[in-house]
Ligand code: CO8
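Numbering (our numbering), first residue to last: -19 to 239.
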């Protein structure tokens, strides 16, 4: 699929998505959000795709936020609609995807950019990255799930501090508080993300999907344990379970079909 604001490529079962508006520090305008929604839907239904690496073009920014230049004419109803649509089609769609999404944070991840990274299942930051939610400097608050996901990831005290001060933090600080999984030199960023997906690719696809949904249920529902029980039971009905156990008994690597 050809996009105006994204580069995308499937290679060795990994979908690479690059947000490609380098001159605007990869800010999320409406078109980019729509293209992201489309490429996420593509990843979900394409069996070849076993994981996704999401990054920004250039070495300066992952995403410097929603496109502020589009904001000036919005009223309350439009603001609410945009937040709802974006959350449903992009941010929640990533979080609830059956494919593992890794954000490779190659620079500024601010506002909607940090929200995008937080919607991903794993975050890896380059050592030059700066992360923050500066919305209150614009008279706004985060609208793409940032108040919820930051609190889930780092706890209420740190989330309130970061959101109300609007201070951006370094990758090292972000790793210290659990906001990113790893900090690596910029040159190693994609390799580190690929290294993780190369492991995940060898695991049973339906089990990966079930694990993501069960972990999500621990924070987004009040029935996480029940979700786990049901998902655990369903795993026994998969070919992948039979293959996994047979391969173990036969002392060979499993060859999962995702069925
Ligand atoms: N939107 C639009 N354009 C941007 C954005 C942005 N978020 N960030 C940077 N740009 C543009 C600049 O305007 C500039 O363009 P131009 O060359 O045409 O003037 C270009 O990118 C380069 O930026 P700078 O010259 O500012 O680069 P600096 O190195 O001096 O500064 C910063 C880099 C610190 C990242 C600075 O650009 C900055 O502060 N950007 C804004 C960061 C921000 O406030 N982000 C939060 C936006 S609000 C948000 O994300 C809300 C999400 C929820 C929305 C929910 C519903 C809609």
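Glycine included, C-beta positions come from ideal geometry on N, C-alpha and C.
Which of helix, strand or coil DSSP assigns to residue i
i, result
"residue 110", "strand"
"residue -11", "strand"
"residue 150", "strand"
"residue 42", "strand"
"residue 142", "helix"
"residue 85", "strand"
"residue 157", "coil"
"residue 121", "coil"
"residue 72", "helix"
"residue -19", "coil"
"residue 239", "coil"
Boundaries (first-last residue) of the beta strand (DSSP E) holding residue i
i, result
"residue 169", "No beta strand (DSSP E) contains residue 169, which is instead part of the alpha helix (DSSP H) from 169 to 180."
"residue 88", "88 to 90"
One or two residues paired with residue i in a DSSP bridge
i, result
"residue 31", "-6 and 80"
"residue 54", "None, per the DSSP bridge assignment."
"residue 164", "106"
"residue 234", "Note: residue 234 sits in no beta bridge, so no partner."
"residue 8", "46"
"residue -1", "-14 and 36"
Extent of the continuous alpha helix (DSSP H) to which residue i belongs
i, result
"residue 133", "126 to 134"
"residue 193", "185 to 200"
"residue 218", "No alpha helix (DSSP H) holds residue 218; DSSP gives it neither H nor E."
key: Any 3 or more C-beta pairs closer than 8 Å across the stretch 172 to 188 and the stretch 128 to 144   = no
request  = Count the CB pairs spanning the stretch 17 to 35 and the stretch 56 to 76 that are closer than 8 Å, and state whether there are at least three.
outcome  = yes
query = Is there contact here, the stretch 81 to 90 with the stretch 154 to 173, by at least three beta-carbon pairs under 8 Å?
reply = yes
inquiry  = With three or more C-beta pairs closer than 8 Å as the rule, is the stretch -13 to 7 touching the stretch 35 to 49?
reply    = yes
ask   = Taking contact to mean at least 3 C-beta pairs separated by less than 8 Å, is the stretch -19 to -10 in contact with the stretch 41 to 54?
value = no
ask   = Does the pairing of the stretch 51 to 63 with the stretch 98 to 105 give three or more beta-carbon distances under 8 Å?
value = no
inquiry  = Quick test of the definition: if touching needs 3 or more C-beta pairs under 8 Å, does the stretch 115 to 123 touch the stretch 137 to 148?
reply    = yes
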